[in-house]
Amino acid sequence: MQIPKLIGFHAQPPTALKVLLGAIPFLIIILLYSHLGEIHRELKPDSLLMPSFTEVGDKVAELTTEPENKRRPTPTLFGDTISSVSNLLIGMVISSIVALVLGLHMGLSRGLNGLIGPLFTLISFIPPILAVPIVIASMGKDDGGKITLIVLGLSLLMAGNLRDYVKDLPKELLIKTQTLNASWMGVLYRTYLPLMMPKLIDQLKLNIGTAWIMLFTAEFVAASQGLGYRIYISRRWLDMSVIVPYMLWIAAISFVILWTLNQTKKHCFRWSTLG
1 MQIPKLIGFH
11 AQPPTALKVL
21 LGAIPFLIII
31 LLYSHLGEIH
41 RELKPDSLLM
51 PSFTEVGDKV
61 AELTTEPENK
71 RRPTPTLFGD
81 TISSVSNLLI
91 GMVISSIVAL
101 VLGLHMGLSR
111 GLNGLIGPLF
121 TLISFIPPIL
131 AVPIVIASMG
141 KDDGGKITLI
151 VLGLSLLMAG
161 NLRDYVKDLP
171 KELLIKTQTL
181 NASWMGVLYR
191 TYLPLMMPKL
201 IDQLKLNIGT
211 AWIMLFTAEF
221 VAASQGLGYR
231 IYISRRWLDM
241 SVIVPYMLWI
251 AAISFVILWT
261 LNQTKKHCFR
271 WSTLG
């Protein structure tokens, strides 16, 4: 039986065909934008809504070479990137630590889960984005407020999923570990913690978008620098020559973070990818 290359449940397109199929949607979008953009610019020459590729290129060159002002000598795009990405990564690291501690201990300790489980569940039902006014009002425009919002948006969600993951692990694992005279600390940190690390990486991969949302929400409300802040102030004039490159840049950063997490899981926890 010949395996189909394109259509069918068992189709296995070759690498060249995969690349071609993946490029087709992008080519269609570029052609549509080019055609519709020409029509739009003829009707509204002063509009910034659909700039030409030349205008976008000139704007990108300006953002990557010229500083925002004399107090910030770093080019605008790089300064915004450093500001946002540093807050994002710090928030994700803190969220990971909080989620690991809560998820591990609540999953293994019924007493602790009974003590803080109801409060944990109640807080997790409240959209963290509602905490933006409180956090900004109490912590101001500093980076601490942005990091706090990321932690609120990620940590409880990931902790709940990790807790459920620990509960679903076979009970025989705990029994066998205790049979070998493992201490309480040994059970937690030598047996269960390594099993949770690949799951934590999966949770981070799933919640990259949530982390960006919390960060950008804070930058929209109170910030003077950052990727979200730049998009927000450009929104007032619908300056798509800034908004579109920034959106693509954010997607590229997300791809790098996702790739790094995948490589970390692959090389540090190779056993989790077997089978």
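Residue numbers (the numbering used here): 1 to 275. Ideal Cβ positions, reconstructed from N, Cα and C, are used throughout, including at glycine. Only a predicted model underlies this, so the values are computations on that prediction, with no experimental measurement involved.
| query | Going by the CB atoms, is the gap between Leu258 and Ser84 shorter than 7 Å? | reply | No, Cβ-Cβ distance for Ser84 and Leu258 is not below 7 Å.
| Would DSSP call Asn87 helix, strand or coil? | Looking at Asn87 - three-state DSSP - the assignment turns out to be helix.
| task | Using only alpha-carbon positions, find the residue among Thr273, Thr217 and Gly209 that is nearest to Ala277. | result | In this structure the chain extends from 1 to 275, so residue 277 is not present and cannot be described.
| message | Give me the DSSP bridge partner(s) of Arg71. | response | Answer is none; Arg71 lacks a bridge partner.
| query | Where does Ser183 land, buried or exposed, given buried means 16+ other C-beta within 10 angstroms? | reply | Here Ser183 is exposed: its Cβ has fewer than 16 other Cβ atoms, across all protein chains shown, within 10 Å.
| field | Proximity winner among Lys167, Pro127 and Pro170, relative to Leu149 (alpha-carbon distances) | value | Nearest of Lys167, Pro127 and Pro170 to Leu149, Cα basis: Pro127.
| request: Could you pull the start and end residues of the alpha helix (DSSP H) that Val25 belongs to? | output: Position check: residue 25 holds Pro in this sequence, whereas Val was assumed. Run containing Pro25: Thr15 to Leu43, per the alpha helix (DSSP H) assignment.
| field | Whether Asp168 touches Asn87 by CB criterion (7 Å) | value | With contacts defined as CB atoms closer than 7 Å, Asp168 and Asn87 fail to qualify as a contacting pair.
| said: Quick check on this structure: which residue in Thr264, Gly114 and Ala223 has the alpha carbon closest to the alpha carbon of Met197? | reply: Per the Cα distances, Thr264.
| Sequence-distant residues of its chain with Cβ nearer than 7 Å to Glu68 (five each side left out) | For Glu68, where only same-chain residues beyond five positions count, the Cβ hits under 7 Å are Thr76 and Gly79.
| message | With a threshold of 7 Å on Cβ separation, who are the neighbours of Gln225 within its own chain once the five nearest residues in sequence on each side are excluded? | response | The answer, listed in chain order, is Gly79, Asp80 and Ser83.
| message | Tell me the rounded alpha-carbon separation between Leu248 and Ser109. | response | Distance from the CA atom of Leu248 to the CA atom of Ser109, rounded to whole angstroms, is 44 Å.
| task | Hey, could you find the ends of the alpha helix (DSSP H) Gly114 is sitting in? | result | Note, Gly114: alpha helix (DSSP H), Arg110 to Phe125.
| Between Gly117 and Ser254, what straight-line distance do the alpha-carbon atoms span, to the nearest angstrom? | Straight-line Cα distance between these residues: approximately 32 Å.
| Shortest alpha-carbon distance to Ala204 belongs to which of Leu130, Leu261, Glu62 and Lys70? | Correcting the residue type first, residue 204 is Leu in the shown sequence and not Ala. Among Leu130, Leu261, Glu62 and Lys70, the Cα nearest to that of Leu204 belongs to Leu261.
| message | Less than 6 Å between C-beta atoms, sequence neighbours within five positions excluded: which residues of the same chain meet that for Ala99? | response | Spatial neighbours of Ala99 in its own chain (CB-CB distance under 6 Å, excluding positions within 5 residues in sequence) are listed in chain order as Ser155, Met158, Ala159 and Leu162.
| request: Kindly indicate which three-state DSSP category Phe53 falls into: helix, strand or coil? | output: Look at Phe53 here: in three-state DSSP terms it is helix.
| query | Buried or exposed: which applies to Ser138, given that a residue is buried once 16 or more other Cβ atoms fall within 10 Å of its Cβ? | reply | It counts as exposed.
| field | Reduced DSSP secondary structure (H/G/I, E/B, other) of Asn207 | value | In this structure, DSSP gives Asn207 a state outside helix and strand, which the three-state scheme calls coil.
| query | When the Cα atoms are used, what is the spatial distance from Ala11 to Phe216? | reply | The alpha-carbon atoms of Ala11 and Phe216 are separated by roughly 41 Å.
| Residues near Ile136 by beta carbon distance below 8 Å, same chain, minus five either side | Cβ neighbours of Ile136 beyond the five flanking positions: Gly145, Ala218, Val221 and Ala222.
| Based on Cα-Cα distance, which residue from Val242, Ser52 and Trp212 lies nearest to Ile147? | Comparing alpha-carbon positions, the option among Val242, Ser52 and Trp212 lying closest to Ile147 turns out to be Trp212.
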